[in-house]
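Below is one structure, written out as structure tokens; comments come after it.
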Amino acid sequence: MIGGEDEKKMEDIDIPLLTPHKMGNFSLSHRVVLAPLSRLRSYNFVAQPHAILYYSQRTTNGGFLIGEASGISETAQGYPNTPGIWTKEHVEAWKPIVHAVHEKGGIFFCQLWHAGRASDHAFQPNGQPPISCTDKPILAKTHIDGSTPADFPTPRRLTIDEIPQVVDYFRKAARNAMEAGFDGVEIHGANGYLIDQFLKDQVNDRTDEYGGSLENRCRFPLQVVKAVADEIGADRVGIRLSPFANYNDCSDSNPEALGLYMVESLNKYGILYCHMIEPRMITQFESQKTKDSLLPMRKAFKGTFIVAGGYNREEGNEVVANDSADLVAFGRLFLANPDLPRRFQLNAVLNKYDRSTFYTHDSVVGYTDYPFLETNN
Ligand SMILES: Cc1cc2nc3c(=O)[nH]c(=O)nc-3n(C[C@H](O)[C@H](O)[C@H](O)COP(=O)(O)O)c2cc1C
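Start counting the sequence shown at 0; every next residue gets the next number (numbering that gives the first Met the number 0).
Next up, the structure:
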């Protein structure tokens, strides 16, 4: 238990993670970002009232939160009970959640997501096959968490004429997110979902203008960026990328070239931020040592650069202090510690996360019942 004089003394210490950062027009009071975390508690693809408490627990005045992956169309979903952002009902359901975050002074972005081939007939309209850039299925036998068994179906390759329609789903979803009150959107271009499937040369086997060269593979992702930026303003748009990762069987033969090509192209659109997963992440949850680094991308990108993947307090402070990132997104630690920035400030003990309830559907257990730090105040 920490309190009184001890707390006062520790609060006087400024750690790099808790210094302010100006992200475009947003004045962030600290650099501890809530990473996007699918919690599978949005029944029938509709965000639920219990998310009000979950997100507001994790809100601080001037803190930046990225919402869980939200489906942009009826073909976008790949798991049960993930929220959507493509209908009026979805928009209405998000409104009170966003409002609660704003009441506490938080800045809240909606993550726009299309699962592509990382889906199943069960989540598709009329039981159709999921869509992708390819008709090669994911061969991995587990889901992205590395443990849940999976047997992915053969996807349907989008025709060239259908691609503008998918771009337009992203645009409309961005508009919907703004209507729900979000401050902006993060385009989910990471983790082996639809956009990443187009980007990576081990998946994208197209021979038309959307496959082959780097320029061609990046075409659809950049069309999405442009459409969304034109719709809501580039100063409200971020993107998440994982060039080095191989989640959902989605890898590239030259991740650094891919990452650099993307950030240099993103500079032309002047978007707000680029959010990258560290190369060390071999699965969603496990990390290993590697010589690969995000530094070339950090140096090349002109906006705010966010890193994620296996960070703790010490490494977060270090990456900010040596200017290798502006902000650090925390996933599992923030999931289990609703008051994470405060705990970092006090260097307090952290709650341990319970992996068994990450993706269960209860509205409280493993969701809003992680305790806050007790104090004598
Ligand atoms: C329960 C859970 C759900 C996740 N859902 C998403 C998601 O919706 N979108 C996304 O981009 N990443 C998602 N991730 C990945 C996290 O954002 C993050 O990159 C990952 O947990 C590694 O960071 P960490 O070591 O701080 O946990 C999820 C991770 C976890 C543990």
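For glycine and all other residues, C-beta sits at the position ideal for the given N, C-alpha and C.
Near Pro-370, what residues of its chain come up, given a Cβ to Cβ distance below 8 Å and the 5 sequence neighbours on each side ignored?
Asn-350
Going by beta carbon distance, what residues of the same chain come within less than 8 Å of Lys-7, once the five residues before and after it are set aside?
In this prediction, Lys-7 has a pLDDT of 46, which is less than 50 and means its spatial position is unreliable; nothing more can be read from the coordinates.
Is the stretch 107–125 close to the stretch 183–200, with three or more CB pairs under 8 Å?
yes
Exposed or buried, which one is Gly-237 when buried takes at least 16 other CB atoms within 10 Å?
buried
Which residues bound the beta strand (DSSP E) around Glu-277?
Segment: none, Glu-277 is in no beta strand (DSSP E) and carries neither H nor E.
Taking only three categories from DSSP, how would you classify Pro-220?
helix
Would you mind reading off the limits of the beta strand (DSSP E) that contains His-187?
183–188
With a threshold of 8 Å, are at least 3 pairs of Cβ atoms found where one atom belongs to the stretch 298–309 and the other to the stretch 273–285?
yes
Excluding sequence positions up to five away, which residues of its chain have a Cβ less than 7 Å from the Cβ of Arg-170?
Ala-226, Val-227 and Glu-230
At least 3 beta-carbon pairs within less than 8 Å: the stretch 38–47 vs the stretch 72–92
yes
Inspect the beta-carbon positions of Val-262 and Phe-219 and report whether they are closer than 7 Å.
no
Closest Cα partner of Met-296 within the set Lys-288, Pro-278, Leu-27 and Arg-235:
Pro-278
Pick out the complete beta strand (DSSP E) segments inside the stretch 89–144, 3 residues or longer, and give them in chain order.
106–112
Please find out if some non-hydrogen atom of ligand 1 comes closer than 6 Å to the beta-carbon of Ala-320.
no
Answer yes or no: the CB of Pro-242 versus the heavy atoms of ligand 1, is any distance below 6 Å?
no
Would you call the CB atoms of Pro-35 and Glu-67 closer than 7 Å?
yes
Counting only the same chain and skipping the five closest in sequence on each side, list residues whose C-beta sits under 6 Å from that of Pro-15.
Asn-316, Val-319 and Ala-320
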